[in-house]
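To start, the structure itself, in structure tokens.
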Amino acid sequence: MKLSYSGALAAAAFLAISTPALAHVSFDNARTTANATYKAVLRIPHGCDGQPTLKVQIRIPEGVIAVKPMPKAGWTLETVKGPYVKAYDLSGTPMAEGVTGITWAGSLDDGHYDEFVFQARITDIFQPGATVYFPVIQECANGREEWTEIPAAGQDPHSLKSPAPGVTITAAASASAPAPVKVGALTIEEPWSRVTPGGAKVGGGYVRITNTGSTPDRLVGGSFPLASRVEVHEMSLDGTVMRMKPVEGGLEIKPGETVEFKPGGYHLMFVDLKEPLKEGQTHKGTLVFEKAGTVEVTYPVRGMGGQAAPAAEHKH
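Mature numbering (1 follows the signal peptide of the UniProt record, and there is no 0) puts the sequence shown at residues -23 to -1, 1 to 293.
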């Protein structure tokens, strides 16, 4: 399928507001709540000026505890441990020291993309609205990339040449979060959208859909009050380039399958926005299915780097 000039511009604009800069290292999920276990997925999109990446080092900031990195096939894993500035409580157990640095060593070709995973608990010294930065050093055969710049108060991190990847702290999800919506054999959960910059003509919608029935159904479109139309799109990484295209004929949801619409994957594109989407707003729209028909959903608008409201965490 060929995009028109205006369609190509819309796609480029959506990519700009829905994904981190592809030249930078970043976290796949860049939001979490304080005093919660966070699964960090660090994305390495390229090497150093064409050279393969041989080491990935992450420095763990103060206030992030109980760090456990995930081993990676073909890579050696090392951690550095040290004392914290103060002791932190972990489910009633004081923690005065732990992992302060992680290093994976191996080889990742410049033309390939990969992810490096660790688990941690971000303590409540970080309040909602704060961003926790994790400096990263990417070592190559004859060079290195130092993703260690941290923005000053009020500074746009996108203005930095080599920004450290960050995680934004959000308020805990309310116990009165909307219940899942059911239509036919489909269950629709956690619809949401993301703020758009002024002048943006496209926005994104995200949702989780589960088919509990015995026959497939298909999401073919929907409506959004601030857009002229709603289209089902997908994004995929082709080497180091993120590409987006419409899902022709709608997206099939097979029996027993759960499909999650999220940044960097399947999403609803709100086309020809009449005005920007602002954090804290809620907008009622619809989803249209081939068999189940039309169902009304409400989209809360979250900040840049946002995600669906986190599920309640089990605490001991």
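Glycine is no exception: its CB is placed at the ideal position from the N, C-alpha and C atoms.
Per-residue DSSP class, three states only, for residue i
| i | result |
| --- | --- |
| residue 213 | strand |
| residue 134 | helix |
| residue 38 | coil |
| residue 81 | strand |
| residue 31 | strand |
| residue 269 | coil |
| residue 95 | strand |
| residue -3 | Only weak support exists for where residue -3 lies, its pLDDT of 42 falling under 50; the value from the coordinates is given anyway. Here residue -3 sits in coil by DSSP. |
| residue 102 | coil |
| residue 289 | Bear in mind that a pLDDT of 38 at residue 289, under 50, signals an unreliable position, so the model cannot answer this. |
| residue 256 | coil |
| residue 89 | coil |
| residue 224 | coil |
| residue 196 | strand |
| residue 280 | coil |
| residue 58 | strand |
| residue 168 | strand |
| residue 113 | strand |
| residue 239 | coil |
| residue 300 | It is not possible to answer for residue 300, since the shown part of the chain is limited to -23 through 293. |
Rounded C-alpha distance that separates residue i from residue j
| i | j | result |
| --- | --- | --- |
| residue 146 | residue 106 | 5 Å |
| residue 236 | residue 99 | 28 Å |
| residue 16 | residue 201 | 32 Å |
| residue 81 | residue 120 | 17 Å |
| residue 27 | residue 85 | 11 Å |
| residue 275 | residue 259 | 7 Å |
| residue 187 | residue 230 | 8 Å |
| residue 156 | residue 167 | 9 Å |
| residue 34 | residue 206 | 44 Å |
| residue 234 | residue 73 | 44 Å |
| residue 208 | residue 196 | 10 Å |
| residue -3 | residue 262 | The pLDDT assigned to residue -3 is 42, lower than 50, so where the model puts this residue is not dependable; a value taken from the coordinates is nonetheless given after this. For residue -3 and residue 262, the distance between alpha carbons rounds to 29 Å. |
| residue 124 | residue 190 | 47 Å |
| residue 264 | residue 161 | 13 Å |
| residue 101 | residue 11 | 5 Å |
| residue 239 | residue 46 | 24 Å |
| residue 44 | residue 131 | 29 Å |
| residue 77 | residue 71 | 17 Å |
| residue 116 | residue 32 | 5 Å |
| residue 9 | residue 144 | 7 Å |
| residue 174 | residue 211 | 21 Å |
| residue 158 | residue 164 | 6 Å |
| residue 269 | residue 224 | 19 Å |
| residue 67 | residue 93 | 25 Å |
| residue 241 | residue 97 | 23 Å |
| residue 3 | residue 254 | 24 Å |
| residue 136 | residue 271 | 43 Å |
| residue 277 | residue 5 | 21 Å |
Identified DSSP bridge partners for residue i
| i | result |
| --- | --- |
| residue 145 | 8, 108 |
| residue 72 | 65 |
| residue 234 | For residue 234, which the question treats as bridged, DSSP gives no partner whatsoever. |
| residue 45 | 96 |
| residue 245 | 182, 209 |
| residue 275 | 261 |
| residue 140 | 126 |
| residue 160 | 163 |
| residue 189 | DSSP lists no partner for residue 189. |
| residue 203 | DSSP output for residue 203 lists no bridge partner at all. |
| residue 13 | 99 |
Whether or not the stretch 175 to 190 and the stretch 245 to 260 are in contact is what I'm after, with contact meaning three or more pairs of Cβ atoms, one per stretch, closer than 8 Å; do they touch?
yes
Counting Cβ pairs closer than 8 Å, one from the stretch 54 to 63 and one from the stretch 110 to 121, do we hit at least three?
no
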